[in-house]
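Working notes, beginning with the structure itself.
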Amino acid sequence: MARKPILAFAFVAPALLFLAATLVWPLVSAFVLSLQNVRGIGTSGQWVGLENYRFILTYAAFWESAGLSLVWVLANAIVQTLLALAAALILHQKFPGLRIARTWIILTWIVPTVVVVMIWRWLFSTSGGMINPLLIQLGILNRPMGFFATPESAFATLVFINSWRWFPFIALMMLAGLSRIPTELYEAARIDGASAFKRFTRITWPLLAPTLTVLLIIGTLLSFNVFDIIWLMTQGGPAGGTRTLPILIYETAFRSYRMSEAATIAVLATMLLMAFAVLATRSLARSGDER
Amino acid sequence: MRRGRSWNAVLVAGLLFFVALVGLPFWWVVSGSFKIPQEIIARVPTMFPQSFTLEHYQKLLSSSDYGTYLVNSLVVSSLSAFITLLLAIPAGYAFFRLEFKGRETYYRIILLAYAFPSIVVLIPLFGMFAKAGLVDTRTALVIVNVAFALPFAIWMLRSFFASIPKEIEEAARLDGGPPLTVLWRIMIPLTAPGIAAVAIFAFVTSWTEYVFASVMILSDARRTIPVGFSGIIGQYQVDWGLLLAGASLAILPVVIVFAFIGRWFVTGLTEGAVK
Amino acid sequence: MKIALRTLLATAMLGVPATAFADAVEITLWHMEQPPHRVERIQMLIDEFNAANPDIVVSQEPQNWGEIYAKAPAALAAGTGPDMLFAIPDFAPILKEMGALTSVEDFVAELDAEHNFVDSTVEAYSYDDGVWAVPLYNMTLNLWYRKSVLEEAGIDVPTSWDEWRTAAERLTTDGRFGMGLPANRQLYTDQTIYSIMVNGDASEIYNEDGSLRFDNDDTVAAYDFYNSMMEFSPPDATSWTWGEAEACFASASCGMIMQFTVISTYENQAEGDASDLGVAAIPTRDGSGDNATIAYANAVLLLSQEEAEREASQEFIRFLLQPENYGRFLNMEPGLFMPVTADGATADSFWSDPVVQEYRDQIETVIENGQNGKLFGFTSGRVFPAIASISAQNVLAETLQSVVVSDMEPADAVEAGQARMEDLSR
Chain Y
0 MARKPILAFA FVAPALLFLA ATLVWPLVSA FVLSLQNVRG IGTSGQWVGL ENYRFILTYA
60 AFWESAGLSL VWVLANAIVQ TLLALAAALI LHQKFPGLRI ARTWIILTWI VPTVVVVMIW
120 RWLFSTSGGM INPLLIQLGI LNRPMGFFAT PESAFATLVF INSWRWFPFI ALMMLAGLSR
180 IPTELYEAAR IDGASAFKRF TRITWPLLAP TLTVLLIIGT LLSFNVFDII WLMTQGGPAG
240 GTRTLPILIY ETAFRSYRMS EAATIAVLAT MLLMAFAVLA TRSLARSGDE R
Chain U
0 MRRGRSWNAV LVAGLLFFVA LVGLPFWWVV SGSFKIPQEI IARVPTMFPQ SFTLEHYQKL
60 LSSSDYGTYL VNSLVVSSLS AFITLLLAIP AGYAFFRLEF KGRETYYRII LLAYAFPSIV
120 VLIPLFGMFA KAGLVDTRTA LVIVNVAFAL PFAIWMLRSF FASIPKEIEE AARLDGGPPL
180 TVLWRIMIPL TAPGIAAVAI FAFVTSWTEY VFASVMILSD ARRTIPVGFS GIIGQYQVDW
240 GLLLAGASLA ILPVVIVFAF IGRWFVTGLT EGAVK
Chain B
0 MKIALRTLLA TAMLGVPATA FADAVEITLW HMEQPPHRVE RIQMLIDEFN AANPDIVVSQ
60 EPQNWGEIYA KAPAALAAGT GPDMLFAIPD FAPILKEMGA LTSVEDFVAE LDAEHNFVDS
120 TVEAYSYDDG VWAVPLYNMT LNLWYRKSVL EEAGIDVPTS WDEWRTAAER LTTDGRFGMG
180 LPANRQLYTD QTIYSIMVNG DASEIYNEDG SLRFDNDDTV AAYDFYNSMM EFSPPDATSW
240 TWGEAEACFA SASCGMIMQF TVISTYENQA EGDASDLGVA AIPTRDGSGD NATIAYANAV
300 LLLSQEEAER EASQEFIRFL LQPENYGRFL NMEPGLFMPV TADGATADSF WSDPVVQEYR
360 DQIETVIENG QNGKLFGFTS GRVFPAIASI SAQNVLAETL QSVVVSDMEP ADAVEAGQAR
420 MEDLSR
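Chains as they are written, first to last, in numbering that gives the first Met the number 0: chain Y, 0 to 290; chain U, 0 to 274; chain B, 0 to 425.
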């Protein structure tokens with residue numbers, strides 16, 4: 000089929016060039032910055048070689064943030080997958096109002112993040128917020144709690160908010176995967192007398208797995224990079240409990256005014272993510288599921 | 000499919016859970032925006048408004064350029080969606096169908112575009128845009144948003160193309176159509192639902208983007224909804240009523256849009272191509 | 000529709016001066032007073048100024064505090080920055096380091112001779128042999144309460160830390176917190192903890208030679224006291240900014256709060272009974288009556304390098320500080336922004352605002368409290384560039400969080416805080 004390489008180039012080049020100009024070039028300049036000692040934006044610096052890398056790799060805050068980022072990605076993956084899978088399985092059933100449910104579940108995803116943050120900030124607050132009174136009425140709490148009061152609860156609350164925003168989108172992607180599974184398979188299994196649980200583990204899950212894997216990879220990259228929700232909500236607090244790597248980068252660049260150190264952290268984070276992405280997509284290609 | 004009674008109960012419970020999870024926050028926000036200030040911050044909040052006022056909306060509309068923000072957001076998001084499609088459709092098709100050296104490598108590199116914290120490119124991009132005279136223009140926002148939406152768009156489109164039965168395309172090809180014609184005449188119409196879904200994805204990505212829009216845009220007349228909204232938050236006082244009204248109005252346009260095209264998004268995602 | 004029309008009109012009006020006065024100097028003002036009514040008030044003054052000065056065209060672009068730390072340096076470095084920027088003292092060293100500031104000492108002296116600045120407001124911008132901005136409006140923290148609530152509980156307005164704690168304890172009842180205090184890693188908490196520090200002999204964080212003296216017994220005592228007050232504050236106070244504190248007070252969920260002002264919230268969202276609203280100076284450690292407070296003297300930074308633009312900017316500032324305009328400028332948020340000049344504090348334009356008239360007693364107290372205002376890192380002329388990162392990173396608040404959230408001993412937390420400051424000064 001390799002008949003028209005020029006044509007293929009014409010098809011692919013615009014997109015590739017666009018991405019190169021907007022993403023690759025800035026990344027290269029971030030790398031260059033990481034080899035210098037620039038402080039504030041617009042100030043100049045000297046070349047310092049790998050000095051920043053030596054410093055950052057021994058910087059406790061960096062490792063704390065890296066650890067938090069890891070937990071953040073894992074927690075989001077688990078919560079979002081569970082919520083999305085449950086929602087997708089429900090939306091895969093037939094019931095009255097299905098079309099409305101399928102359309103409007105996406106509501107949380109189409110709202111600007113700033114608005115999401117404001118909504119939840121209000122709902123979780125102890126003056127006027129709805130969540131505390133609701134939980135007290137339901138008997139879950141006996142007095143108002145500060146959802147952003149401790150590092151742990153703030154972190155968990157943020158995972159909830161971020162998952163709340165993203166799970167419907169993932170649910171629809173899963174639904175897309177589910178609807179590609181031929182219904183004949185289920186009919187056949189039913190005739191063979193397979194239980195609902197068996198049908199799920201033997202048919203649904205294996206056939207959904209490729210979609211899930213790709214979603215998991217992209218989801219991991221996207222949730223690792225979540226910045227706005229965390230920053231607008233807690234600014235990485237309290238006591239650094241939600242300071243993931245993107246927050247640390249922003250803080251280092253625009254609060255401590257150490258552009259070069261921020262760039263170094265960014266380069267390290269990028270290397271980490273690239274390694275993950277390359278390994279993950281390679282294993283995907285090997286299992287032959289990539290489509 | 001038939002279901003047992005217990006399954007039905009689980010289904011209904013699950014459905015109610017999700018309705019509450021997604022719906023309640025929005026109900027609280029929208030109903031809150033009609034409450035008088037005293038009721039909004041009352042120690043015991045009310046599930047249903049006990050008061051009714053339009054003062055927050057009046058204040059919002061009379062004193063902020065909400066209409067301007069809305070137009071900006073619509074322009075930026077629509078253009079972003081359009082350009083994303085323009086770049087992603089040929090690329091997605093080429094990655095799916097055309098053979099060329101390094102195809103798999105390039106394809107993977109494109110997905111790697113999500114493998115770095117986007118905050119990193121903020122300052123270099125600002126510098127680039129400044130040199131090109133694009134700071135404080137909507138063009139800058141379109142460029143950024145396309146860059147963020149493009150990789151995923153290409154990935155989705157490729158899988159939509161892949162779901163078209165081979166025979167249809169082969170037949171077209173045997174009729175002697177060059178790839179561009181095949182793409183234009185056969186593939187695009189067949190994947191129309193999927194393309195619509197990708198367009199909506201790009202639109203929403205752009206519609207919700209905040210960080211870049213807040214830094215790249217300097218003047219009020221070119222702000223988008225998220226940035227304009229954050230502007231009414233205020234540093235020393237929080238006027239919850241105004242915020243709730245602002246939130247409601249920021250949600251409203253996409254809700255209206257989705258009322259018309261939301262169906263397409265779901266069918267586009269699930270079916271991808273007309274079979 | 001109304002908005003579209005407004006936009007159209009605005010565009011049309013903007014178009015006129017540009018053509019009519021082709022050689023008019025155009026200058027841009029950035030500020031973070033983004034709430035619509037403040038923007039409107041500033042626009043009113045700009046319109047008056049532009050009408051009176053046909054050779055100058057001022058325009059404003061409100062910005063957001065959240066992004067300005069990244070945006071202003073980026074824009075200035077790229078040459079797309081404003082000619083004037085309203086900012087707080089922390090911000091000046093950042094731009095000074097970039098080489099974006101030149102001393103305005105002579106200009107400030109000229110204005111001082113005419114209007115007589117409150118000394119502390121100029122002090123916050125005086126260091127490195129220069130004055131780097133022109134003070135414009137002052138903000139000081141005060142203790143706010145309801146007279147009826149204190150009376151009901153049978154307590155007097157506290158003047159010492161011990162009395163204060165007792166009052167907070169007695170005001171804490173079912174459904175009410177005695178004293179709403181934030182413990183967020185955020186500017187508001189920087190302000191509240193520093194207000195305690197200045198009332199406990201811990202106002203200086205630097206020695207004269209630029210070495211840090213944050214880690215001392217007085218600082219530790221201030222943190223210790225603050226921590227002991229936290230049990231009378233709502234559980235979500237670790238995520239509070241100004242707005243939450245005000246909402247807590249307005250809904251009567253908080254007995255007392257420390258805040259610049261609560262007047263407009265109290266007026267619009269609560270009882271609005273001026274005779275019941277109490278304001279006092281922040282209590283001192285020993286109740287000596289020698290009260291101090293944190294003062295945030297907002298100022299205007301002159302950023303254009305061109306002589307004509309600088310001259311035009313100065314003309315605009317002269318205009319704003321004229322007593323007949325100055326009060327209207329401050330009252331863009333009645334009760335929040337206090338005068339930095341002596342003739343501003345007596346100006347009719349300031350006192351004639353209906354809200355200001357209604358709360359005259361409170362505002363007089365606030366102005367009086369502001370006479371002994373200080374700002375951490377900007378005291379006694381001991382200003383060093385690292386203060387910008389120390390305050391941008393909210394190290395004072397961060398240290399408080401170590402005590403309140405992570406249960407560190409105050410002495411250890413303050414020691415760690417000083418180490419953090421040293422790291423940022425690297």
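Note that beta-carbon positions come from the ideal geometry of N, C-alpha and C, so glycine has one too.
Quiz item: If you measure beta-carbon to beta-carbon, which residues of the region 12–44 of chain Y are closer than 9 angstroms to chain B?
Solution: Here the close residues are R38, G39, I40, G41 and T42.
Self-check item: Rounded separation between V277(Y) and L189(U) - CA only
Solution: The count along the first sequence starts at 1 and reaches residue 277(Y) at position 278. The count along the second sequence starts at 1 and reaches residue 189(U) at position 190. Cα atoms of V277(Y) and L189(U): separation of roughly 32 angstroms, rounded to the nearest angstrom.
Quiz item: Since L15(U) contacts I89(Y) with CB under 8 angstroms, what's their CB separation in whole angstroms?
Solution: Numbered from 1 along the second sequence, position 16 holds the residue referred to as residue 15(U). Numbered from 1 along the first sequence, position 90 holds the residue referred to as residue 89(Y). Rounded to whole angstroms, the Cβ separation of L15(U) and I89(Y) is 10 angstroms, and the two are not in contact under 8 angstroms.
Quiz item: Going along chain Y in order, which residues have a C-beta closer than 8 angstroms to the C-beta of P225(U)?
Solution: For the purposes of this step, residue 225(U) is taken as residue 226 along the second sequence, with counting starting at 1. One finds P111, T112, V113 and V114 in chain Y with Cβ atoms closer than 8 angstroms to the Cβ of P225(U), taken in chain order.
Quiz prompt | Supposed contact pair P61(B) and G91(U) - C-beta distance, whole angstroms, cut 8 angstroms | solution = Here residue 91(U) refers to the residue found at position 92 of the second sequence. Here residue 61(B) refers to the residue found at position 62 of the third sequence. Not confirmed; about 42 angstroms, so no contact.
Quiz item: Applying a beta-carbon distance threshold of less than 8 angstroms, which residues of chain Y neighbour P233(B)?
Solution: As a first step, residue 233(B) is located in the third sequence; it is residue number 234 there, counting from the start. In chain order, T125, S126, P143 and G145 make up the part of chain Y whose C-beta sits under 8 angstroms from the C-beta of P233(B).
Quiz prompt | Identity of the residue in A83(Y), S152(Y), A9(Y) and V72(Y) nearest L174(Y) by Cα | solution = Locating residue 174(Y) in the first sequence gives position 175, counting from the first residue. Out of A83(Y), S152(Y), A9(Y) and V72(Y), A83(Y) has the C-alpha closest to the C-alpha of L174(Y).
Quiz item: Going straight from the alpha carbon of E323(B) to that of D155(B), what length do you get?
Solution: Counting from one through the third sequence, the residue named residue 323(B) turns up at place 324. Counting from one through the third sequence, the residue named residue 155(B) turns up at place 156. If you draw a straight line from the Cα of E323(B) to the Cα of D155(B), it comes to about 39 angstroms.
Quiz item: Taking all protein chains shown into account, do 16 or more other C-beta atoms lie within 10 angstroms of the C-beta of M31(B), making it buried, or fewer, making it exposed?
Solution: Here residue 31(B) refers to the residue found at position 32 when the third sequence is read from its first residue. Classification for M31(B): buried.
Quiz item: Nearest CA to the CA of S274(B): which residue from E113(B), D173(B), F375(B) and V148(B)?
Solution: Sequence index remark: in the third sequence, residue 274(B) carries index 275 (1-based). Comparing alpha-carbon positions, the option among E113(B), D173(B), F375(B) and V148(B) lying closest to S274(B) turns out to be V148(B).
Exercise. Can you pull the chain Y residues whose beta carbon is under 7 angstroms from the beta carbon of W291(U), in chain order?
Key: Residue 291(U) cannot be examined here, being either before or after the span of chain U that is shown, 0 to 274.
Self-check item: 7 angstroms Cβ cutoff met for V413(B) and N226(B)
Solution: As a working note, residue 413(B) is residue 414 in the third sequence. As a working note, residue 226(B) is residue 227 in the third sequence. Between V413(B) and N226(B), the C-beta spacing is not below 7 angstroms.
Exercise. Can you check DSSP and say which residues form a bridge with P282(B)?
Key: The residue labelled residue 282(B) in the question sits at position 283 within the third sequence. Its beta-bridge partners do not exist; DSSP assigns none.
Exercise. For A17(B), count neighbouring Cβ atoms within 10 angstroms of its own Cβ and tell me buried if that reaches 16, exposed if not.
Key: Position 18 of the third sequence, counted from the first residue, corresponds to residue 17(B). With a pLDDT of 42 at A17(B), under the threshold of 50, the modelled position of that residue is not reliable, and the figure given next carries that caveat. Answer is exposed; the Cβ neighbour count stays below 16.
Self-check item: Integer-rounded CB distance, given that N297(B) should sit under 8 angstroms from M138(B)
Solution: Locating residue 138(B) in the third sequence gives position 139, where the first residue counts as 1. Locating residue 297(B) in the third sequence gives position 298, where the first residue counts as 1. Between the beta-carbon of M138(B) and that of N297(B) there is about 7 angstroms, and that keeps the pair under the 8 angstroms contact cut.
Quiz item: Near N183(B), which residues of its chain fall below 7 angstroms by C-beta distance, leaving aside the five closest residues on each side in sequence?
Solution: Within the third sequence, residue 183(B) is the residue found at index 184, counting from 1. Once the five neighbours on either side are set aside, the close Cβ partners of N183(B) are T237, S238, W239, T240 and A396.
Practice problem: For L110(U), decide whether its Cβ has a neighbour in chain B, counting only Cβ atoms nearer than 7 angstroms. | Solution: Here residue 110(U) is taken as the residue at index 111 of the second sequence, counted from 1. In terms of beta-carbon proximity, L110(U) stays away from the interface with chain B, with every pair separated by 7 angstroms or more.
Quiz item: Does any heavy atom of the ligand FMN sit closer than 6 angstroms to the C-beta of P116(U)?
Solution: The model on display carries no ligand, and the ligand FMN is accordingly not part of it.
Exercise. Answer yes or no: do A201(U) and S79(U) have a C-beta to C-beta separation smaller than 7 angstroms?
Key: Here residue 201(U) refers to the residue found at position 202 of the second sequence. Here residue 79(U) refers to the residue found at position 80 of the second sequence. Cβ atoms of A201(U) and S79(U): closer than 7 angstroms.
Quiz item: Closer than 7 angstroms, CB to CB, is P48(U) near chain B or not?
Solution: The residue labelled residue 48(U) in the question sits at position 49 within the second sequence. Closer than 7 angstroms to the CB of P48(U) there is not a single CB belonging to chain B.
Quiz item: Could you give the distance in angstroms between the alpha-carbon of A387(B) and the alpha-carbon of G376(B)?
Solution: As a first step, residue 387(B) is located in the third sequence; it is residue number 388 there, counting from the start. As a first step, residue 376(B) is located in the third sequence; it is residue number 377 there, counting from the start. Distance from the CA atom of A387(B) to the CA atom of G376(B), rounded to whole angstroms, is 9 angstroms.
Exercise. To the nearest angstrom, report how far apart I160(Y) and A307(B) are at their CA atoms.
Key: Taking the first sequence and counting its residues from 1, one reaches residue 160(Y) at position 161. Taking the third sequence and counting its residues from 1, one reaches residue 307(B) at position 308. For I160(Y) and A307(B), the distance between alpha carbons rounds to 51 angstroms.
Quiz item: Using a C-beta to C-beta distance shorter than 8 angstroms, which residues of chain U count as neighbours of P248(Y)?
Solution: Here residue 248(Y) is taken as the residue at index 249 of the first sequence, counted from 1. It is worth fixing the name first, because residue 248(Y) is Ile in this sequence and not Pro. Here the neighbours are P116, I118 and V119.
Quiz item: Do L106(Y) and V21(U) have their C-beta atoms closer together than 7 angstroms?
Solution: If you number the first sequence from 1, residue 106(Y) lands on position 107. If you number the second sequence from 1, residue 21(U) lands on position 22. In this structure, L106(Y) lies near V21(U), with their beta-carbon atoms less than 7 angstroms apart.
Practice problem: From the DSSP output, in three-state form, read off V56(B) for me. | Solution: Counting from 1 along the third sequence, the entry for residue 56(B) is found at position 57. Strand, per DSSP.
Quiz prompt | N141(B) versus T364(B) - alpha carbon distance | solution = Looking up residue 141(B) in the third sequence gives position 142. Looking up residue 364(B) in the third sequence gives position 365. Going by the C-alpha atoms only, they are around 9 angstroms apart.
Self-check item: Contact with chain Y by P89(U), beta-carbon distance below 7 angstroms
Solution: As a position in the second sequence, residue 89(U) is number 90, starting the count at 1. Chain Y, which has a Cβ nearer than 7 angstroms to the Cβ of P89(U), makes this yes.
Practice problem: Give me the Cα-Cα distance between F20(B) and I55(B), rounded to the nearest whole angstrom. | Solution: Walking along the third sequence from the start, residue 20(B) turns up at place 21. Walking along the third sequence from the start, residue 55(B) turns up at place 56. Its pLDDT being 47, under 50, F20(B) is placed unreliably by the model, and the measurement read from it follows with that caveat. Between the alpha carbons of F20(B) and I55(B) lies a gap of roughly 9 angstroms.
Quiz item: Does Y52(Y) come within less than 7 angstroms of chain B when only Cβ atoms are used?
Solution: By one-based count along the first sequence, residue 52(Y) stands at place 53. With its beta carbon at least 7 angstroms from every one in chain B, Y52(Y) lies outside the interface.
Quiz item: Taking any Cβ of chain Y, which residues in the region 64–79 of chain B have a Cβ under 7 angstroms from it, in chain order?
Solution: For the region 64–79 of chain B, the beta-carbon criterion of a distance under 7 angstroms to any beta-carbon of chain Y is satisfied by Y68, A69, P72, A73, L75 and A76.
Quiz item: Candidates M229(B), A71(B) and P72(B): which alpha carbon is nearest M257(B)'s?
Solution: What you label residue 257(B) is simply residue 258 of the third sequence in a count that begins at 1. Out of M229(B), A71(B) and P72(B), M229(B) has the C-alpha closest to the C-alpha of M257(B).
Self-check item: Three-state secondary structure assigned by DSSP to Q356(B)
Solution: Mapped onto the third sequence, residue 356(B) falls at position 357. If DSSP states are grouped into helix, strand and coil, Q356(B) belongs with the helices.
Quiz item: Going straight from the alpha carbon of L22(Y) to that of F160(U), what length do you get?
Solution: Stepping through the first sequence from its first residue, residue 22(Y) is reached at position 23. Stepping through the second sequence from its first residue, residue 160(U) is reached at position 161. Cα to Cα, L22(Y) sits roughly 26 angstroms from F160(U).
Quiz prompt | Three or more C-beta pairs below 8 angstroms linking the region 187–200 of chain B and the region 211–226 of chain B | solution = Cβ pair count under 8 angstroms is three or more, so yes.
Quiz item: Does K274(U) come within less than 7 angstroms of chain Y when only Cβ atoms are used?
Solution: Locating residue 274(U) in the second sequence gives position 275, counting from the first residue. Unreliable placement is indicated for K274(U), whose pLDDT of 47 sits below 50; the coordinate value is still reported in the next sentence. At a cut-off of 7 angstroms between beta-carbon atoms, K274(U) makes no contact with chain Y.
Self-check item: Nearest neighbour of R142(Y), chosen from N131(Y), R281(Y), W24(Y) and F17(Y) [CA to CA]
Solution: Reading the first sequence from its first residue, position 143 is the one you call residue 142(Y). That would be N131(Y), whose Cα lies nearest to the Cα of R142(Y).
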